[in-house]
Structure formats: C-alpha cells, structure tokens
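Chemist: Quick one: structure below, then a few questions.
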Amino acid sequence: DRRAWHLAMAATGPEEMTARALEDAAARAAGRTAYTAACEALEAAARLSPEPAERGRRLDAAAQSAMAGGAFERAARLFDEVIDLAAERGQVLRSMAGRGNVEMLNGSTRAAVDMLTAAGERMREESPTAAAALLVQAVLPCLLRRDLEHARDLAARAAALVPEPDASLGAQLAAGRVITATFTGAPAALDASDAAELRRQTAAGEPLGFIWSVTHLISLNLRERYADALAGLDAVIAAAREHATPSLLPWPLAVRADVRRRTGRLPQAAADAAEAVRLAEDIGQAPIAGYALVVEAMLFAITGDATACRDRAARAVEIGVRTESHNLSWYADGALGLTALSQGDLPRAVERFGLLERRYRATGDLHPLLDGHGADIVETLIRAGDESHARDVLAFIGRQAERADAAWALAGLERCRGMLADDDGFEAHMAAALAQHDRTDTPFERARTLLALGERRRRARRVRQAREPLAAALETFEALGAARWAEWARRELRAAGARTEPARADATPGLTPQELQVALTVARGATNREAATALLISPKTVEYHLARVYAKLGVRSRAEMAARMASRTSDFLPSRERTRETPDGGGPSMRK
71 DRRAWHLAMA ATGPEEMTAR ALEDAAARAA GRTAYTAACE ALEAAARLSP
121 EPAERGRRLD AAAQSAMAGG AFERAARLFD EVIDLAAERG QVLRSMAGRG
171 NVEMLNGSTR AAVDMLTAAG ERMREESPTA AAALLVQAVL PCLLRRDLEH
221 ARDLAARAAA LVPEPDASLG AQLAAGRVIT ATFTGAPAAL DASDAAELRR
271 QTAAGEPLGF IWSVTHLISL NLRERYADAL AGLDAVIAAA REHATPSLLP
321 WPLAVRADVR RRTGRLPQAA ADAAEAVRLA EDIGQAPIAG YALVVEAMLF
371 AITGDATACR DRAARAVEIG VRTESHNLSW YADGALGLTA LSQGDLPRAV
421 ERFGLLERRY RATGDLHPLL DGHGADIVET LIRAGDESHA RDVLAFIGRQ
471 AERADAAWAL AGLERCRGML ADDDGFEAHM AAALAQHDRT DTPFERARTL
521 LALGERRRRA RRVRQAREPL AAALETFEAL GAARWAEWAR RELRAAGART
571 EPARADATPG LTPQELQVAL TVARGATNRE AATALLISPK TVEYHLARVY
621 AKLGVRSRAE MAARMASRTS DFLPSRERTR ETPDGGGPSM RK
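Converting from the sequence shown to my numbering requires adding 70 to each position, the first position being numbered 1.
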C-alpha cells in the first residue's frame with residue numbers, strides 16, 4: 071500500500087498501473103472497514119485514470135466509501151463529479167441516486183425529492199429503467215415530508231415506466247409501493263421473493279438494497295408484524311456492526327427502538343434510541359437523529375419524565391424545520407400530548423393533540439395510522455369533557471382504522487367507545503378492545519385499556535369488578551417503568567377500596583442507555599474488544615461502563631451480570647402464543 075501511494079505521488083500524469091495499485095489498496099482498506107482510507111485511495115486512483123469510464127467508476131466507488139464512513143459532504147462532491155463527467159449511463163444513474171440519498175440523510179428532504187425527480191425525468195426517454203429507479207427513490211424523502219399524495223404518485227409513475235422489471239428493480243418498486251400504501255392507511259405486503267431479493271442486495275453491499283430493506287422492515291412494524299420486523303432489524307444491525315459501518319447503523323437502530331417501544335421493551339428501546347442519536351449526530355444524519363429523538367420523547371412520555379420528553383421533542387422539531395422532515399413535528403406533538411395526558415394536564419394535552427387532529431384532517435383519506443395517536447386525541451377530549459368533539463373525531467379516525475385493519479388503532483378506538491357508552495353498553499366495547507389487543511404484543515396500550523375499564527366499572531358502581539383490571543394495569547405499568555401511569559392506576563385502585571403496595575424499585579436501577587447497551591452486548595458473550603467494535607467505542611469506554619454496571623447491579627462477574635440481564639431482557643408479560651398468516655412469505659409466524 072505504501073508503494074502504491076509513493077508511485078501515485080511520483081506520477082506526472084495519468085497512469086493506469088498506479089491507479090490499479092491504489093484501487094487494490096482501497097479494497098484492502100475497505101476489507102478492514104477503514105472507509106476513509108478506501109475513499110482517499112479510490113479518489114487518488116480516479117485522478118490517475120486515463121479513461122473517463124474508469125475515472126467515473128472509481129469516483130463513484132470513492133463516494134460510496136465516503137457514505138459508508140459517514141463523510142456525506144465528501145460523498146456529495148464525488149457524486150457530483152461523476153454526474154458532470156457523464157462517462158457511462160450506469161455510473162450517472164448510480165451517482166444520481168447516491169446524491170439524492172446524501173441529501174435525504176444529511177440535507178433537505180425537499181431538495182432530495184426535487185433532485186431525484188428531476189433526474190428521473192431526465193432519464194425517462196433515454197432509459198425508462200433508470201428513470202423508474204430514480205423516481206421510486208424519491209418516495210422516501212416524500213414520506214419524510216408527509217407529502218403522501220406525491221409519494222403515492224411517484225410510486226405509481228415509477229412502476230408504470232417498467233411493466234416487466236428485472237428482479238433487482240422489481241423488488242425496489244414493490245417496496246416503494248408497499249411502504250407508500252402502508253403510510254397512507256392501506257397496508258400492503260411484500261412478496262417473499264421481493265423480500266429475499268432485498269436481503270440479497272443488502273448482503274452484496276448495495277446501498278439501495280440496504281435502504282429498501284430497512285424500509286420494508288418499517289412497513290412490517292407499521293403493519294404490526296413486530297416479531298418479523300425485529301428479526302430483520304437484528305440481522306441488519308448485526309451485519310453493520312460486524313463490518314463496522316457507522317453510516318448504516320443509526321437508521322435501523324432507530325427503527326428497532328420504535329418496535330421495542332411499541333412492544334414494551336422500553337430499556338432496550340432506550341438503549342437503541344440513545345445510540346442512534348449519538349451516531350447520527352456524529353455522522354451528520356440529521357433526519358435520522360430527529361427520528362431517534364422522537365422515539366426517545368415517546369419513551370419518556372411513557373416512563374413519565376416530562377422534562378426529558380420536552381427536551382427531545384424540541385430538538386427533533388428543530389431538525390424537522392431545518393431539514394423539512396415534517397414527520398418529526400407530528401411525532402413530537404404526539405409525545406408531548408401523551409406526556410400532558412399522563413400528568414393530568416388536560417388543557418396542554420388538548421392543545422397538542424388538537425394540532426395533530428388538524429394535520430390528520432388535512433390529509434383526508436390519506437390519513438396515516440403509523441403514529442397511533444388517533445385514540446389519544448379522542449380519549450383526551452373525553453376526559454376534558456368535550457364529548458361531542460370526541461365523537462366527531464372518533465367517527466373520522468374510525469373509518470381509516472377499519473380500512474387499515476390496524477389492531478393498535480382499533481383497540482384504542484373501542485376503548486374510547488367504551489368510555490363514551492352508558493353503564494349498560496361499555497363492557498362490550500372494552501371486551502372488543504381487549505380482543506384487538508390480543509392480536510398484537512403492545513402491553514402499554516393493553517394496560518391503558520384495562521385502566522379505562524377499571525375506571526368505567528368503578529364509576530358504574532361495580533367496585534369489586536373494577537379491582538381486577540386495575541390491578542392488572544398497575545402490574546404492567548410497573549413492569550414497564552411507566553411511573554405516572556402506575557400512580558394513576560394505584561389511585562384508582564385505592565378509590566375502589568383496594569390496598570396497594572408502594573412503587574417497586576427498578577430491576578436495573580439507574581443504568582444509562584449506554585450502560586445498558588454495553589451490558590446487553592457483553593451479556594450475549596462479547597469480549598470487551600468485540601463489544602467496543604460493535605458499539606463503535608473504545609475498549610476503555612467499555613471497561614468504564616462495565617465497572618459502573620457491576621456496581622449498580624451489585625454483581626461481581628460477567629456470568630452474574632448475564633443472569634441479571636436475562637431477566638431484564640425477557641418479555642414483561644406472560645406470553646400468549648398465536649399463529650398468524652404471513653403474506654410476506656415464510657409461512658405462519660408465532661406471535662406473543
């Protein structure tokens with residue numbers, strides 16, 4: 071490698087042999103995940119390439135290495151060079167897509183949409199296949215902007231350009247259609263063959279394959295296929311850690327944090343979200359950092375830390391304004407509304423959820439169910455005494471929930487119908503809500519329904535019957551660490567004449583998200599050095615965090631810590647095994 075660099079510095083003009091030596095050095099650097107060194111060698115090789123096509127190929131490879139290492143500004147400059155050089159159509163297409171991805175991850179979502187759409191229109195006559203690939207790529211930044219109608223239009227236009235695409239493009243077009251349909255309240259499934267093709271592209275190191283694979287996993291999360299989403303995310307994150315590719319980690323970490331948040335794995339979700347924020351901010355992936363911040367805000371809304379919730383929400387909104395990622399403001403308002411509701415601050419909850427309601431109505435038939443706050447809006451209005459408004463919102467949200475067959479939304483809305491019903495009718499609605507909860511593994515939402523059922527029974531003077539659901543709700547809230555919600559259930563239990571125990575201590579007292587992440591990684595059998603490589607921190611930092619974990623947990627060995635963490639990572643509630651058909655291929659999956 072030194073010889074190749076010495077030859078390059080001695081070269082007085084283009085020299086293919088030296089360029090090849092540098093390219094070989096770059097391949098070795100990439101093999102040890104030294105992406106900055108690989109980028110520098112490939113860029114130097116491109117400068118020494120006599121043929122424009124070879125120069126373009128090496129510049130594109132240098133840009134891809136820069137992206138892998140998180141150097142987005144450098145990647146953007148290199149992609150622009152390839153586009154301006156225009157040596158080969160395939161290189162131009164690849165660089166246009168790469169340039170749009172850089173803008174989406176590290177710039178303006180509006181600029182990303184405009185750039186990719188303009189490039190697709192430019193390629194329409196020359197190559198419909200290339201145009202379709204660019205247009206479907208513009209779907210993702212459209213969704214980040216909540217420009218749902220435009221996203222749906224782009225996905226349809228891209229598919230119409232190539233009626234019979236090859237397997238690679240076909241899988242990406244299918245993923246674009248699925249995520250757009252799911253975001254707009256009409257969930258769709260990806261064929262097993264297309265899902266397998268995306269996994270192949272990801273394993274081969276193709277950037278678009280990675281992007282669409284993660285997008286497919288997001289659609290599984292939104293369709294409440296939580297076990298399948300977690301399995302896929304675990305694989306993607308493990309591969310990114312194994313290859314020490316920091317630019318590929320923040321997005322799937324943030325998505326996994328959201329899945330774990332929905333399914334009640336709150337400590338693990340907090341660890342994933344905190345790592346995603348740290349990495350995304352270090353690398354410069356602002357919209358991904360914003361997404362991870364709103365997941366943290368939702369976690370704090372559940373666990374009752376209002377100050378931390380407001381801090382994360384404010385940081386996410388600032389990123390959303392700067393990058394034009396309008397999704398972030400929607401999520402932030404939802405987290406702030408839920409926090410206010412848990413504190414009993416109904417005026418502030420009405421204010422925050424009122425903003426969401428107006429946004430929902432503005433989308434009309436394209437109202438998305440991905441954030442699950444429809445029932446929160448209705449419940450807040452009921453508790454605030456505005457039942458007429460609550461019924462109006464319930465009818466609006468209910469039509470979309472039924473169209474999407476979304477268990478999360480349907481359960482919450484049945485809970486609200488039970489809160490509105492008379493003493494003779496509420497039990498049927500609450501039973502329907504619990505039946506919907508049985509379809510998914512969402513313990514926090516189920517506990518909220520049990521809390522509402524207990525409240526409603528107590529107010530109907532069925533005090534003895536109220537105690538059982540209230541006790542179950544309290545148990546779940548305490549297991550989740552949802553302190554304010556637990557106190558709410560405890561107050562209702564006392565009002566129903568039951569004795570309650572004081573709040574119990576956390577199983578892992580005071581662990582920070584990074585301490586928990588280190589503990590979980592080491593508990594799976596990793597050495598300190600392996601944990602450091604996986605988490606992109608130094609071995610000394612791992613030792614420091616482990617020492618603090620040992621002290622906080624009162625353990626003396628890795629084996630003791632692993633046993634303690636096993637109880638922490640287990641499911642919080644007794645499992646309810648169910649079988650459900652899996653339209654994405656692979657037969658039935660067991661669900662909890």
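Backbone N, C-alpha and C fix where the C-beta goes; we use that ideal spot for every residue, glycine too.
Remember, predicted model here, so these are calculated numbers, not experimental data.
With C-beta atoms as the reference, is residue 106 less than 7 Å away from residue 140?
Modeler: no
Chemist: Determine the direct distance from the alpha carbon of residue 582 to that of residue 366, and round the result to whole angstroms.
Modeler: Each residue's alpha carbon lies about 13 Å from the other.
Chemist: Helix, strand or coil for residue 197 per DSSP?
Modeler: coil
Chemist: Would you check if the distance between the CB atom of residue 122 and the CB atom of residue 86 is smaller than 7 Å?
Modeler: no
Chemist: Once DSSP output is grouped into helix, strand and coil, what is the label at residue 224?
Modeler: DSSP places residue 224 in helix when its eight states are reduced to three.
Chemist: Any idea if residue 495 is buried or exposed, counting beta-carbon neighbours within 10 angstroms, 16 or more meaning buried?
Modeler: It counts as exposed.
Chemist: When you compare the CB positions of residue 245 and residue 285, do they come within less than 7 Å of one another, or not?
Modeler: yes
Chemist: Between residue 68 and the rest of its own chain, which residues show a CB-CB distance below 7 Å, the 5 nearest in sequence each way excluded?
Modeler: Any answer about residue 68 is impossible in this case: the structure gives the chain only from 71 up to 662.
Chemist: Going residue by residue through the stretch 397-448, where are the continuous beta strand (DSSP E) segments of at least 3 residues, counting only ones entirely within it?
Modeler: none
Chemist: Which of helix, strand or coil does DSSP assign to residue 375?
Modeler: coil
Chemist: Could you compute how far the alpha carbon of residue 416 sits from the alpha carbon of residue 374?
Modeler: The C-alpha of residue 416 lies about 15 Å from the C-alpha of residue 374.
Chemist: Extract the residue ranges of the alpha helix (DSSP H) inside the stretch 106-178, only unbroken runs of 4 or more that lie entirely within it.
Modeler: 122-138, 142-155 and 159-176
Chemist: To the nearest angstrom, how far is it from the Cα of residue 552 to the Cα of residue 379?
Modeler: It is roughly 13 Å from the alpha-carbon of residue 552 to the alpha-carbon of residue 379.
Chemist: Can you give me the C-alpha to C-alpha distance between residue 344 and residue 360, rounded to a whole angstrom?
Modeler: Whole-angstrom Cα-Cα distance: 11 Å.
Chemist: Between which two residues does the alpha helix (DSSP H) carrying residue 352 extend?
Modeler: 336-353
Chemist: Report the three-state DSSP secondary structure of residue 626 (helix, strand or coil).
Modeler: coil
Chemist: Please list the terminal residues of the continuous alpha helix (DSSP H) segment that includes residue 607.
Modeler: Premise fails: residue 607 is in no alpha helix (DSSP H) and is neither H nor E.
Chemist: Less than 7 Å between the beta carbons of residue 324 and residue 358, yes or no?
Modeler: Yes, the pair counts as a contact, with Cβ atoms nearer than the cut-off.
Chemist: What do you get for residue 53, buried or exposed, if any count of 16 or more other CB atoms within 10 angstroms of its CB means buried?
Modeler: For residue 53 there is no data in the structure shown, the boundaries of the chain being 71 and 662.
Chemist: Any idea what DSSP makes of residue 88, helix, strand or coil?
Modeler: Helix at residue 88.
Chemist: Given a cut-off of 7 Å, decide if residue 394 and residue 179 are closer than it, judged by their beta-carbon atoms.
Modeler: yes
Chemist: Roughly how many angstroms lie between the CA atoms of residue 192 and residue 224, to the nearest whole one?
Modeler: If I take the Cα positions, the gap works out to 15 Å.
Chemist: Which of the three DSSP states, helix, strand or coil, is assigned to residue 293?
Modeler: coil
Chemist: Helix or strand or just coil, what does DSSP make of residue 521?
Modeler: Note: residue 521 maps to helix in three-state DSSP.
Chemist: Can you give me the C-alpha to C-alpha distance between residue 322 and residue 303, rounded to a whole angstrom?
Modeler: 6 Å
Chemist: Rank 271, 204 and 248 by C-alpha distance to the C-alpha of residue 260 and give the top, closest one.
Modeler: Closest by alpha carbon: 248.
Chemist: Could you check the C-alpha separation between residue 262 and residue 241 for me, to the nearest Å?
Modeler: Cα to Cα, residue 262 sits roughly 10 Å from residue 241.
Chemist: Within the same chain, show all residues whose beta-carbon is closer than 6 Å to that of residue 208, passing over the 5 residues directly before and after it, in chain order.
Modeler: Cβ neighbours of residue 208 beyond the five flanking positions: 183, 186, 187 and 224.
Chemist: Ignore the nearest five residues each way along the sequence and tell me which others in residue 100's own chain have a CB closer than 6 Å to its CB.
Modeler: Excluding residues within five positions, the ones whose Cβ falls inside 6 Å are 108.
Chemist: By Cβ distance, which residues of its chain are closer than 6 Å to residue 406, with the 5 residues on each side in sequence left out?
Modeler: 383 and 422
Chemist: Determine the extent of the alpha helix (DSSP H) in which residue 216 is found, giving its start and end residues.
Modeler: First-last for residue 216: undefined, no H or E at that position.
Chemist: Please report the distance separating the alpha-carbon of residue 353 from that of residue 311.
Modeler: Their Cα atoms are separated by approximately 15 Å.
Chemist: Measure from the alpha carbon of residue 117 to the alpha carbon of each residue in 104, 93, 98 and 136, then state which is nearest.
Modeler: 93
Chemist: Taking just the CA atoms, how far does residue 473 sit from residue 519?
Modeler: 22 Å
Chemist: List the whole-angstrom C-beta distance separating residue 485 from residue 522, where the pair is believed to meet the contact cut-off of C-beta under 8 Å.
Modeler: 5 Å
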